[in-house]
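Participant: I'd like to ask some things about the structure below.
Residue numbers (the numbering used here), protein chains in the order written: chain C, 4 to 404; chain B, 4 to 404.
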């Protein structure tokens, strides 16, 4: 059991209220700072993003927008319409613009797809990103496919296909790599799912973390989005917040059959990108940026691999396999995840996500993001200290008892 | 008839294609510049915003965000959730947070309200902002209430109430001041509408241009939003793009009954503000900003009054009464609005909105925004030159014919 001083306990209580108010997501860092000024956050390890990509984006943004005096244009003028931005992406992605839907973050695309195209029944793997079941309209049945602890919360493809055949949902969702555990399903296996489940109306593959996954030695990018022509029921959803480190910009896109894009644009989603998102999308498709981005992507993957390796060597925690930029960690018996998170926050200024609200996880879990190498080192040292203190306390308790 | 050279005619053709692609809205200035590099825009009089408010916002933004190094936070971190931003606005607006819904621009709120709460029949005044009828879901009947040219496209309140009683729509929309003509309905008249039409499920009052209207000598702000407690069917929608000159930021809010806000947030709209919008919303509620903003608001109203006065003195055009930051102008017989717009653009670099796609307007109309005093002067001179040239050409034609 983790011990708190009286002062710390007050903060713990406040934290619980704040988390409650934020529902099934963490409060944003801005909200957090406003409401908890007594806690200084040194490392935001709740936030799943590549900090080196943020550096790179900032470098361009400063040179071209701030110093180039384009800032007024971005703030003052209406951004381009959805279909215009889709056109910009089309060449770069080698996908026809008619298949591309631009979103105010991936979450708007999740909402749009689930509100408009899910009719009766959706099947979702758990644990998962909660919006997929929270956003369904009234009357839609939600079926959970439980990923198993004994299988490291990975996807058993055969069992998955059987369950879909049995349940006959009109929509299924695969987050790949999955959130909150990072388990990755190889492209050939997802393709098998697409082949066998051609009867499912909507197969959503959420590739928000796919830039951190790889299947080759040189960490080449993988994606299913080019298959949208072959599988008209495939909907690929892509957040740009994580891989490019720009959550505040709100940018995402969906690749889906052209009739869906048309249906969405026919009565909405006209100016849903802001000026900064449009600047980002234009930058994203530029060769000079793309080349440099791929370098920081791989650098971050390598550092994340080191981080996970070091975490695995710590006693008292179980680190689940991940191909994303975060890991799911199970705490040893006797440590409550909320206490552990509070201790890391109050004692070390590290903001981490507790997973005690995640359906499908039984036990005490936290989700930990990989940050910069320096921050990762600090996280490792802090977790180590936390665990050791707890082990010592446990020892004292046992001796005393 | 306006004459074009062969070179100009090619540009006119390209302009028509661009306008067609943009549907019922104008292409954004960014899209425009990308696709029509041969045309240099000097003044964007299509864009309905207060440039002095943009100046003021930029002053704060530069001092606090750019120089204060907060820019990384805004770009990198997730913004606060919808309900958190609503809380920030609540105190400032003296409206309970439970009534406030934050939107990614007003257009997202229009979409959300019309998609979720309009069931069978919507009644819309025309001419109007087209999204109100474009965004209705399949199966919803749209009834138009035609505003009359002989009444300067103003609203006759008695006739309006009668028509609503007769048609029994579940949703009615009043844009006040109206777009594209700027006609204003006084608050006491709108209140009469609310009193008499208590049986209508949703009464949307779009106050996106209300900061340019006034009923007192000191130009005091007017609004209906404080009446949301008294009229549970009232939905006030407010864009921040026009009055604050920040369309690229995408910020708007809706004031409506708490059950509607809850219903919307229950399955969506969680992180629909970007970091820049959140910065704006926080600034908007600050006393120091509010005081300075009100000064530039009134300065802009006064200059707009001068602008309209000068326009009215030009021959060959009819300027309709407006309490917004733009005017609807009817061109004299023989001048096609698309030609006039093309001539202003190619000959003078002035980008103006043609209204030939606006349902409810019969004749040749353009909508002209008020900009800075210097730009307004240039617009006046250019329109004058355009009209005189046309009058001369007409004279030549008549003499020749």
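Glycine included, each C-beta is placed from N, C-alpha and C at the ideal position. No experiment lies behind these values; they were computed from the predicted model shown.
Under 7 Å Cβ-Cβ, which residues of chain B neighbour residue 250 of chain C?
Facilitator: Here the question's residue 250 of chain C lines up with position 247 in the first chain. Those are 79, 80 and 81, listed as they occur along chain B.
Participant: Mind listing which residues of the segment 135-163 of chain C have their C-beta closer than 8 Å to chain B's C-betas, in chain order?
Facilitator: Cβ contacts with chain B come from 137, 138, 139 and 140.
Participant: DSSP on residue 307 of chain C, reduced to helix/strand/coil?
Facilitator: Looking up residue 307 of chain C in the first chain gives position 304. If DSSP states are grouped into helix, strand and coil, residue 307 of chain C belongs with the helices.
Participant: Could you tell me which of C:87, C:123, C:287 and C:229 sits nearest to residue 248 of chain C, measuring between CA atoms?
Facilitator: If you number the first chain from 1, residue 248 of chain C lands on position 245. The option with the nearest alpha carbon to residue 248 of chain C is C:287.
Participant: When the Cα atoms are used, what is the spatial distance from residue 81 of chain B to residue 245 of chain C?
Facilitator: Residue numbering aside, residue 81 of chain B sits at position 78 when the second chain is read from its first letter. Residue numbering aside, residue 245 of chain C sits at position 242 when the first chain is read from its first letter. Rounded to the nearest angstrom, the two C-alpha atoms are 10 Å apart.
Participant: What residue range does the alpha helix (DSSP H) around residue 135 of chain B cover?
Facilitator: Walking along the second chain from the start, residue 135 of chain B turns up at place 132. It spans 134-137 - the alpha helix (DSSP H) in which residue 135 of chain B sits, taken as one unbroken run.
Participant: If we cut at 9 Å on Cβ distances, does residue 93 of chain B have a partner in chain C?
Facilitator: What you label residue 93 of chain B is simply residue 90 of the second chain in a count that begins at 1. With 9 Å as the cut-off, residue 93 of chain B does not count as an interface residue toward chain C.
Participant: Can you give me the start and stop residues for the beta strand (DSSP E) that residue 34 of chain C sits inside?
Facilitator: Start at 1 with the first residue of the first chain, and residue 34 of chain C comes out as number 31. Counting along the chain, residue 34 of chain C falls outside any beta strand (DSSP E), though it belongs to the alpha helix (DSSP H) covering 32-38.
Participant: Would you verify that the beta carbon of residue 182 of chain C is, or is not, closer than 9 Å to some beta carbon of chain B?
Facilitator: As a first step, residue 182 of chain C is located in the first chain; it is residue number 179 there, counting from the start. Chain B, which has no Cβ nearer than 9 Å to the Cβ of residue 182 of chain C, makes this no.
Participant: Between B:359, B:271 and B:300, which has its C-alpha nearest residue 107 of chain C's C-alpha?
Facilitator: Mapped onto the first chain, residue 107 of chain C falls at position 104. When only C-alpha atoms are compared, the closest one is B:271.
Participant: Cα separation between residue 117 of chain B and residue 135 of chain B?
Facilitator: One-based indexing of the second chain puts residue 117 of chain B at position 114. One-based indexing of the second chain puts residue 135 of chain B at position 132. Those two C-alpha atoms are separated by around 8 Å.
Participant: Report yes if the CB atom of residue 147 of chain B is closer than 9 Å to the CB atom of residue 267 of chain B, and no otherwise.
Facilitator: Here residue 147 of chain B refers to the residue found at position 144 when the second chain is read from its first residue. Here residue 267 of chain B refers to the residue found at position 264 when the second chain is read from its first residue. No, Cβ-Cβ distance for residue 147 of chain B and residue 267 of chain B is not below 9 Å.
Participant: For residue 189 of chain B and residue 372 of chain B, I'd like the C-alpha separation in whole angstroms.
Facilitator: Start at 1 with the first residue of the second chain, and residue 189 of chain B comes out as number 186. Start at 1 with the first residue of the second chain, and residue 372 of chain B comes out as number 369. Answer to the nearest angstrom: the Cα atoms are 22 Å apart.
Participant: Within 9 Å of any Cβ in chain B, is that where the Cβ of residue 118 of chain C sits?
Facilitator: Residue mapping note: residue 118 of chain C aligns to position 115 of the first chain, counting from 1. Yes - at least one Cβ of chain B is within 9 Å of the one on residue 118 of chain C.
Participant: Let me know the beta strand (DSSP E) ranges lying completely inside the segment 124-211 of chain B, each 3 residues or longer, listed in chain order.
Facilitator: Restricting attention to beta strand (DSSP E) runs no shorter than 3 residues, the segment 124-211 of chain B encloses them at 124-129, 144-149, 174-178 and 205-209, ordered along the chain.
Participant: Which chain B residues are close to residue 57 of chain C, counting only those with a beta carbon under 9 Å from its beta carbon?
Facilitator: Residue numbering aside, residue 57 of chain C sits at position 54 when the first chain is read from its first letter. Chain B residues near residue 57 of chain C: 75, 78 and 79.
Participant: Would residue 25 of chain B pass as an interface residue toward chain C - the criterion being a Cβ-Cβ separation below 9 Å?
Facilitator: Reading the second chain from its first residue, position 22 is the one you call residue 25 of chain B. Closer than 9 Å: yes.
Participant: Do the segment 372-388 of chain B and the segment 39-51 of chain B make contact, defined as three or more Cβ pairs closer than 8 Å?
Facilitator: yes
Participant: Using only CA atoms, which one of C:143, C:199, C:320 and C:186 lies nearest to residue 212 of chain C?
Facilitator: Numbered from 1 along the first chain, position 209 holds the residue referred to as residue 212 of chain C. It is C:186 whose Cα lies nearest to the Cα of residue 212 of chain C.
Participant: Only counting the same chain, and skipping five residues up and downstream in sequence, which positions put a Cβ closer than 7 Å to that of residue 140 of chain B?
Facilitator: The residue given as residue 140 of chain B occupies position 137 in the second chain. Here residue 140 of chain B has 118 as same chain residues with Cβ atoms under 7 Å from its own Cβ, once five neighbours each way along the sequence are excluded.
Participant: Just checking: is the beta-carbon of residue 327 of chain C within a distance shorter than 9 Å of some beta-carbon in chain B?
Facilitator: Position 324 of the first chain, counting from 1, holds the residue named residue 327 of chain C. No, its Cβ sits nowhere closer than 9 Å to a Cβ of chain B.
Participant: With H, G and I counted as helix, E and B as strand and the rest as coil, what does DSSP make of residue 47 of chain B?
Facilitator: On the second chain, position 44 is the one that residue 47 of chain B refers to. If DSSP states are grouped into helix, strand and coil, residue 47 of chain B belongs with the strands.
Participant: Look at the alpha carbon of residue 174 of chain C and the alpha carbon of residue 196 of chain C, and state the distance between them as a whole number of angstroms.
Facilitator: By 1-based counting over the first chain, the position of residue 174 of chain C is 171. By 1-based counting over the first chain, the position of residue 196 of chain C is 193. Spanning the two alpha carbons is a distance of roughly 13 Å.
Participant: Which of helix, strand or coil does DSSP assign to residue 233 of chain C?
Facilitator: For the purposes of this step, residue 233 of chain C is taken as the residue at position 230 of the first chain. The answer is coil: DSSP assigns residue 233 of chain C none of H, G, I, E or B.
Participant: Whole-angstrom Cβ separation of residue 250 of chain B and residue 52 of chain B, contact assumed at under 8 Å?
Facilitator: The sequence position of residue 250 of chain B within the second chain is 247, counting from 1. The sequence position of residue 52 of chain B within the second chain is 49, counting from 1. Correct: roughly 6 Å between the Cβ atoms.
Participant: Buried or exposed: which applies to residue 310 of chain B, given that a residue is buried once 16 or more other Cβ atoms fall within 10 Å of its Cβ?
Facilitator: Indexing the second chain from 1 puts residue 310 of chain B at position 307. Residue 310 of chain B should be labelled buried.
Participant: Who does residue 331 of chain B pair with in a DSSP beta bridge?
Facilitator: Reading the second chain from its first residue, position 328 is the one you call residue 331 of chain B. B:370.
Participant: Suppose the cutoff is 8 Å on Cβ atoms and the five residues either side in sequence are ignored; what does the same chain contact list for residue 275 of chain C look like?
Facilitator: Here residue 275 of chain C is taken as the residue at index 272 of the first chain, counted from 1. Excluding residues within five positions, the ones whose Cβ falls inside 8 Å are 85, 105, 106, 107 and 111.
Participant: Under the three-state reduction of DSSP, which class applies to residue 52 of chain B: helix, strand or coil?
Facilitator: As a working mapping, residue 52 of chain B is identified with position 49 in the second chain. Correct three-state label for residue 52 of chain B: coil.
Participant: With DSSP run on the structure shown, which of helix, strand or coil describes residue 355 of chain C?
Facilitator: Taking the first chain and counting its residues from 1, one reaches residue 355 of chain C at position 352. Of the three classes helix, strand and coil, the one that applies to residue 355 of chain C here is coil, per DSSP.
Participant: For the pair the segment 325-338 of chain B and the segment 178-185 of chain B, tell me if three or more CB-CB distances fall below 8 Å.
Facilitator: yes
Participant: Cβ of residue 288 of chain C less than 9 Å from any chain B Cβ?
Facilitator: Residue numbering aside, residue 288 of chain C sits at position 285 when the first chain is read from its first letter. No, residue 288 of chain C lies away from the interface with chain B (no Cβ there is under 9 Å from its Cβ).
Participant: For a contact meaning CB atoms closer than 7 Å, what does residue 108 of chain B contact in chain C?
Facilitator: Counting from 1 along the second chain, the entry for residue 108 of chain B is found at position 105. The contacting residues are 274.
Participant: In chain order, what residues of the same chain lie with their CB nearer than 7 Å to the CB of residue 88 of chain C, ignoring the 5 residues before and after it?
Facilitator: Against the first chain, residue 88 of chain C aligns to sequence position 85. These residues qualify, in order along the chain: 105, 276, 281 and 284.
Participant: What are the start and end residues of each continuous alpha helix (DSSP H) run of 4 or more residues lying completely inside the segment 235-299 of chain C, in chain order?
Facilitator: Look at the segment 235-299 of chain C and you find these whole runs of alpha helix (DSSP H), each 4 residues long or longer: 261-269 and 278-287.
Participant: Use the C-beta contact count for residue 356 of chain C: other C-beta atoms within 10 angstroms, 16 or more gives buried, fewer gives exposed.
Facilitator: The sequence position of residue 356 of chain C within the first chain is 353, counting from 1. Buried, because 16 or more other Cβ atoms sit within 10 Å of the Cβ of residue 356 of chain C.
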